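Peer 1:
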Amino acid sequence: MAQPYPVHVIEARWRDRWERSGLNRIDLDTVDSDRVFYNLVEFPYPSAEGLHVGHVFRYVGVDAFGRYQRMCGRAVFQPIGFDSFGIHAENYALNVGEHPRRLTEQTTARYREQLSSIGAAWDWSRAIDTSKPEYYRWTQWTLVQLFKAGLMYQAEAPVIWCPSCLTVLAREQTDRDGTVCERCGSPVTERVMKQWFLRTTHYADRLLSGLDDLEWPDRSKRLQRQWIGRSEGRDIDFGDLTVFTTRPDTLPAVTFIAVPAGHPAAGSTRRHPTSGAPIPVVVTDYVVESYGTGAVMGVPAHDDRDARFAAEHGLPVSDAPLLDPVDAAAVGRPSVRYRMHDWLISRQRYWGPPIPIIHCESCGAVPVPEEDLPVVLPDLDDIRPTGDSPLAECTDWVQTTCPSCGGPASRDSDVSDTFVDSAWYFLRYPSTEFDDVPWDNVRTDKVLPVDFYAGGSEHVQRHHLYARFMTMALQDLGLVSMAEPLPRIALGGMIILAGAKMSKSRGNVVSPDGYVAEHGIDVLRCSLLFSAPWGRGGEFSDRSIAGIERFFARCWRAVAESDGPESAVAQWDHTISAVTRAVERMSFNVALARLMEFVDHVRSAEDKSVLVRLLAPLAPHLAEELWHQLGQPFSVHDQPWPEASSDGAAEVQDLAVQVDGRLRGRISLPRTATGEDAAALARSNIAAVPAKDAVKRVVYVPGRVINFVSR
RNA sequence: GCCCGGAUGGCGAAACUGGUAGACGCGGCGGACUUAAAAUCCGCUGUCCUUUCUAGGGCGUGCAGGUUCGAGUCCUGCUCCGGGCACCA
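Quick note: the first sequence uses the working numbering, first residue 5, plus one each step.
1) What are the boundary residues of the alpha helix (DSSP H) that R415 is part of?
2) Is G707 near R670, with beta carbons less than 7 Å apart?
3) Is the beta carbon of T422 less than 7 Å from the beta carbon of G90?
4) Closer than 6 Å by C-beta to A281: which residues in its own chain qualify, once you throw out the five before and the five after it? Chain order, please.
5) State the Cα-Cα distance for the pair P621 and E565, rounded to the nearest angstrom.
6) Could you tell me which uninterrupted alpha helix (DSSP H) segments, each at least 4 residues in length, are contained entirely in the segment 543-602, listed from first to last along the chain?
7) Reducing DSSP to helix, strand and coil, say where Y290 ends up.
8) Of the residues W645, T204, E194, which one's Cα is nearest the Cα of M344?
9) Closer than 6 Å by C-beta to V163: which residues in its own chain qualify, once you throw out the five before and the five after it? Chain order, please.
10) Tell me whether C409 is buried or exposed, calling it buried when 16 or more other Cβ atoms sit within 10 Å of its Cβ.
11) CB-CB under 6 Å to A494, same chain, minus the five flanking residues each way: which ones, in chain order?
12) Which of helix, strand or coil does DSSP assign to K136?
13) Do R607 and V583 have their C-beta atoms closer together than 7 Å?
14) For K612 and I549, what's the separation of their Cα atoms in angstroms?
15) Can you round the beta-carbon distance between A93 and P104 to whole angstroms, since I take them to be within the 8 Å contact cut?
16) Drop a sphere of 10 angstroms on the beta-carbon of T405, count the other beta-carbons inside from all chains shown, and report buried for 16 or more, exposed for fewer.
17) Spatial neighbours of T436 within its chain, please: CB distance less than 7 Å, with the 5 preceding and 5 following residues excluded, ordered by chain position.
18) Per DSSP, what kind of secondary structure is P434 in: helix, strand or coil?
19) Please name the residue or residues paired with Y457 in a DSSP beta bridge.
20) Let me know the secondary structure DSSP gives V184 once reduced to three states.
21) Determine contact between the segment 300-315 and the segment 212-230, defined as no fewer than three beta-carbon pairs at a distance below 8 Å.
22) Could you pull the start and end residues of the beta strand (DSSP E) that L501 belongs to?
23) Do you know whose CA, among S531, T297, Y42, N512, lies nearest G551's CA?
24) Which of the three DSSP states is assigned to Y342 in this structure?
25) Check E655 in the structure and name its three-state DSSP category.
26) If contacts are defined as beta-carbon pairs under 8 Å, then V713 and V693 qualify, I think. What distance do you get, rounded to the angstrom?
27) Given a threshold of 16 other Cβ atoms within 10 Å of its Cβ, counted over all protein chains shown, does V291 qualify as buried or as exposed?
28) Could you tell me the distance, in whole angstroms, from the CA atom of R510 to the CA atom of G541?
29) Alpha carbon to alpha carbon, what distance is there between H632 and F638?
30) Ordered along the chain, which non-local residues of its own chain (more than five positions away) have a Cβ less than 7 Å from that of M476?
31) Kindly indicate which residue of W231, E374, G233, P268 has the alpha-carbon position closest to the one of T246.
32) Who are M197's beta bridge partners in DSSP?
33) Using the beta-carbon count (16 or more within 10 Å), is R71 buried or exposed?
34) Does DSSP put Q352 in a helix, in a strand, or in coil?
35) With distances taken between CB atoms, is the gap from Y342 to G496 smaller than 7 Å?
36) Mapping DSSP to helix, strand and coil, what is A683?
The structure is reproduced here in structure tokens:
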């Protein structure tokens with residue numbers, strides 16, 4: 005469908021002008037802290053398939069929101085970057101036989117181009133890339149700080165191992181409930197290795213209580229609470245064997261103690277702490293070694309699982325009376341357990357920041373001195389897995405001297421989890437030009453916390469939690485002043501195709517490129533935003549494109565043409581407040597609907613700039629062009645957001661007339677009319693309204709309904 | 001198993017805090033303009049019944065109840081779809 009204007013010429017022209025004029029950048033040195041609006045969206049992992057329309061949907065919603073904030077007078081800081089380290093890139097590189105660095109350069113370049121083409125007001129001058137030494141230097145620095153503070157430690161832990169691929173797998177790289185390797189289908193095994201952990205459990209209570217004050221979706225808070233999984237109970241000693249229970253009142257009815265296979269006490273007995281009776285310690289398949297004390301009281305009379313197990317194995321059931329609350333509260337010792345574990349950050353992989361630790365026979369684990377950072381990831385030719393970390397093969401790199409004693413030592417050959425990269429990246433954006441500190445405290449205090457963080461629900465348990473943990477830890481170390489970096493989060497909906505999330509492996513990725521080439525980015529932006537509320541998402545469809553193109557053409561003509569006498573338009577107020585409300589709650593579909601209703605009135609309007617300004621966050625290029633056509637100075641995006649001049653109460657509106665709650669007609673009168681006026685008007689216009697003495701009650705809701713109740 | 005979200009025309013959806021269900025758009029049908037087409041514009045478009053052709057009425061937001069003058073919205077019990085956690089003591 006042809007537009008009445010040259011779409012691509014206009015879009016290219018204005019995007020170029022915005023970039024040259026620095027429209028999307030703010031001066032962080034001179035800006036007033038109160039005006040800063042840090043509008044952040046989770047930075048993408050640059051995958052090989054390129055940006056798809058689901059990304060575009062998420063990003064343009066965030067962009068529209070940021071542009072709106074800017075017109076409301078905020079100094080919007082809207083950076084973007086690339087989360088380019090990680091297993092996904094590494095695996096893809098292995099599959100196609102390329103080096104991850106080269107592949108990442110390609111995919112990042114393509115992402116940069118696509119992200120630029122969507123017309124979002126990114127501040128590209130502050131872009132970050134987690135796989136670049138100038139970034140991961142500070143990721144490593146952060147780990148060194150945590151290590152020095154005792155928040156990073158090494159311990160033996162099981163990892164998932166694929167005996168066929170000779171590699172450690174992440175849980176996400178397994179199929180069928182973590183039992184087989186997703187790449188080769190072989191059954192996976194467990195292997196115990198020494199690994200690095202961050203002490204997230206130390207912050208469990210603060211991570212939990214901090215949630216109360218956050219402006220997050222209830223869903224997010226619930227998921228994080230569930231993930232942290234705080235559970236209060238008692239530790240009870242059965243001799244040398246301690247159990248954890250949340251039901252100390254059932255202690256008298258204990259008939260066995262359940263432990264997992266391999267437990268040293270399996271097969272023995274312990275004395276019951278109160279009755280002294282011998283209690284067998286039995287192996288069950290339902291006790292988790294790593295939770296609680298790894299041993300559980302078996303109470304068949306009060307627990308279904310214990311009852312089933314007792315029945316199957318001929319164990320006795322006790323009907324001893326339960327303890328009353330006072331006695332129960334005196335049993336054992338109070339104990340709090342968490343489902344959340346410390347964060348295992350070691351990855352026996354290649355494509356990540358080397359863990360900045362040197363192992364020395366005499367000094368133990370020594371952090372790399374800050375002046376020696378970054379520990380640069382060596383450029384290995386062959387990163388195919390051999391059964392050990394790829395970096396361990398690189399002996400020139402591994403062999404080093406101990407920073408503490410100067411003796412021979414070796415570098416840790418693991419890399420850190422990608423989630424470490426993204427746990428602090430929001431601190432880096434405002435300080436990208438500093439190469440002597442990870443972030444400048446004046447900058448950080450001015451710009452953070454993030455005013456609006458737009459993410460996906462897939463990141464609630466991990467990324468959002470790790471970001472909070474990291475910030476709390478850094479606060480305790482005196483390195484940042486805030487505890488909560490992301491006080492306001494909104495979760496964007498996902499765009500799916502044929503019922504599934506878009507991904508290359510499913511072969512259902514829809515690229516924005518074709519649509520942009522054919523219709524321009526503003527049309528794609530608005531048709532995506534029009535098809536569903538931003539927070540919901542849904543099945544991808546290009547059906548709304550035709551409607552958006554017609555709407556744009558009507559906007560163009562409404563501005564370019566005039567008919568009849570020009571007059572002030574009373575309906576502006578209604579439209580302005582409706583669009584404002586819709587944008588505030590990210591319902592851009594409704595904002596567009598209200599503008600569509602209104603556009604034809606603009607032809608005879610005195611002040612057409614209102615339409616153009618309301619359109620600016622949604623269709624930034626078209627609005628800029630229309631603004632220019634109106635003879636207004638560059639840029640529409642610097643203009644104030646229109647304000648409604650009245651609440652519209654005096655306007656004549658329709659009022660529903662009901663009898664006993666059933667609709668019987670409609671009358672028109674201002675919302676300011678009294679109940680008497682409304683009742684009289686209804687009675688004279690609508691035959692179904694009963695006589696006065698037959699009415700027991702009249703319910704009048706101004707502007708909505710008048711209901712005559714006869715029963 | 002536990003927790004959560006969702007279900008509204010042919011389709012995407014709207015409905016502020018319990019107050020006119022289906023805004024807006026797509027698609028469809030009919031019409032105007034045109035030699036014709038495209039584009040554009042106008043009208044109709046949940047469903048059933050009655051009709052003096054102008055309307056009037058019944059039903060209708062997954063199902064069954066309830067509260068209320070009034071329920072898509074609140075409550076109870078279900079069905080289906082999506083998501084999270086999962087032998088977590």
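Note that the Cβ used here is the ideal one computed from N, Cα and C, for glycine as well.
Computed from a predicted model, the values in this text were never measured in an experiment.
Peer 2: Here's the rundown:
1) On the first sequence, residue 415 is found 411 positions in, with the first residue counted as 1. Not the alpha helix (DSSP H): R415 falls in the beta strand (DSSP E), residues 412-415.
2) As a first step, residue 707 must be located in the first sequence, where it is residue number 703. As a first step, residue 670 must be located in the first sequence, where it is residue number 666. No, the Cβ-Cβ distance between G707 and R670 is not below 7 Å.
3) To locate residue 422, count along the first sequence from 1; it is residue 418. To locate residue 90, count along the first sequence from 1; it is residue 86. Going by C-beta atoms, T422 is nearer than 7 Å to G90.
4) Looking up residue 281 in the first sequence gives position 277. Cβ contact annotation for A281 (same chain, cutoff 6 Å, sequence separation greater than five): none.
5) Against the first sequence, residue 621 aligns to sequence position 617. Against the first sequence, residue 565 aligns to sequence position 561. The straight-line gap from Cα to Cα measures roughly 23 Å.
6) You should have 548-564, 576-588, 592-602.
7) Position 286 of the first sequence, counted from the start, is the residue given in the question as residue 290. In this structure, Y290 counts as coil in the three-state DSSP scheme.
8) Walking along the first sequence from the start, residue 344 turns up at place 340. For M344, the closest C-alpha among the options W645, T204, E194 is that of T204.
9) The residue given as residue 163 occupies position 159 in the first sequence. Only V172, R195, M197 meet the Cβ criterion.
10) As a first step, residue 409 must be located in the first sequence, where it is residue number 405. When all chains shown are included, C409 counts as exposed.
11) Translated into the one-based positions of the first sequence, residue 494 becomes position 490. Same-chain partners within the cutoff: A458.
12) On the first sequence, position 132 is the one that residue 136 refers to. In the structure shown, K136 sits in coil (DSSP, three-state: anything other than H, G, I, E or B).
13) Your numbering for residue 607 matches position 603 in the first sequence. Your numbering for residue 583 matches position 579 in the first sequence. Not in contact: R607 and V583 (Cβ atoms no closer than 7 Å).
14) On the first sequence, residue 612 is found 608 positions in, with the first residue counted as 1. On the first sequence, residue 549 is found 545 positions in, with the first residue counted as 1. As the crow flies, the alpha-carbon of K612 is around 24 Å from that of I549.
15) Taking the first residue of the first sequence as 1, we reach residue 93 at position 89. Taking the first residue of the first sequence as 1, we reach residue 104 at position 100. Contact holds; Cβ gap of about 5 Å.
16) Position 401 of the first sequence, counting from 1, holds the residue named residue 405. Using a 10 angstroms sphere on the CB of T405, the tally of other CB atoms stays under 16, which defines it as exposed.
17) In the first sequence, residue 436 corresponds to position 432, counting from 1. Scanning its chain for C-beta atoms nearer than 7 Å, with the 5 sequence neighbours on each side dropped, one finds around T436 the residues R130, I132, in chain order.
18) By 1-based counting over the first sequence, the position of residue 434 is 430. Of the three classes helix, strand and coil, the one that applies to P434 here is helix, per DSSP.
19) Position 453 of the first sequence, counting from 1, holds the residue named residue 457. According to DSSP, Y457 bridges with L44, I493.
20) As a first step, residue 184 must be located in the first sequence, where it is residue number 180. Strand.
21) No, the segment 300-315 does not touch the segment 212-230.
22) Here the question's residue 501 lines up with position 497 in the first sequence. Looking at the DSSP string, the run of the beta strand (DSSP E) that includes L501 is 498-501.
23) On the first sequence, position 547 is the one that residue 551 refers to. That would be S531, whose Cα lies nearest to the Cα of G551.
24) Along the first sequence, read from residue 1 onward, the residue named residue 342 stands at position 338. In this structure, Y342 counts as strand in the three-state DSSP scheme.
25) Residue numbering aside, residue 655 sits at position 651 when the first sequence is read from its first letter. In the displayed model, E655 falls within coil according to three-state DSSP, outside both helix and strand.
26) To locate residue 713, count along the first sequence from 1; it is residue 709. To locate residue 693, count along the first sequence from 1; it is residue 689. Between V693 and V713 the Cβ distance is about 11 Å, and since that is not below 8 Å, they are no contact.
27) Walking along the first sequence from the start, residue 291 turns up at place 287. Buried.
28) Numbered from its first residue, the first sequence carries residue 510 at position 506. Numbered from its first residue, the first sequence carries residue 541 at position 537. Whole-angstrom Cα-Cα distance: 19 Å.
29) As a first step, residue 638 must be located in the first sequence, where it is residue number 634. As a first step, residue 632 must be located in the first sequence, where it is residue number 628. One C-alpha to the other measures close to 7 Å.
30) For the purposes of this step, residue 476 is taken as the residue at position 472 of the first sequence. Closer than 7 Å at Cβ, skipping near neighbours: Y207, R210, A487.
31) The residue labelled residue 246 in the question sits at position 242 within the first sequence. With distances taken between Cα atoms, T246 lies closest to P268.
32) Reading the first sequence from its first residue, position 193 is the one you call residue 197. Looking at the DSSP assignment, M197 forms a beta bridge with A161.
33) What you label residue 71 is simply residue 67 of the first sequence in a count that begins at 1. Burial check for R71: the Cβ neighbour count within 10 Å reaches 16 or more, so the residue is buried.
34) Taking the first sequence and counting its residues from 1, one reaches residue 352 at position 348. Three-state result, Q352: coil.
35) Walking along the first sequence from the start, residue 342 turns up at place 338. Walking along the first sequence from the start, residue 496 turns up at place 492. The answer is no: Cβ separation not under 7 Å.
36) Here residue 683 is taken as the residue at index 679 of the first sequence, counted from 1. In the three-state reduction of the DSSP assignment, A683 falls in the helix class.
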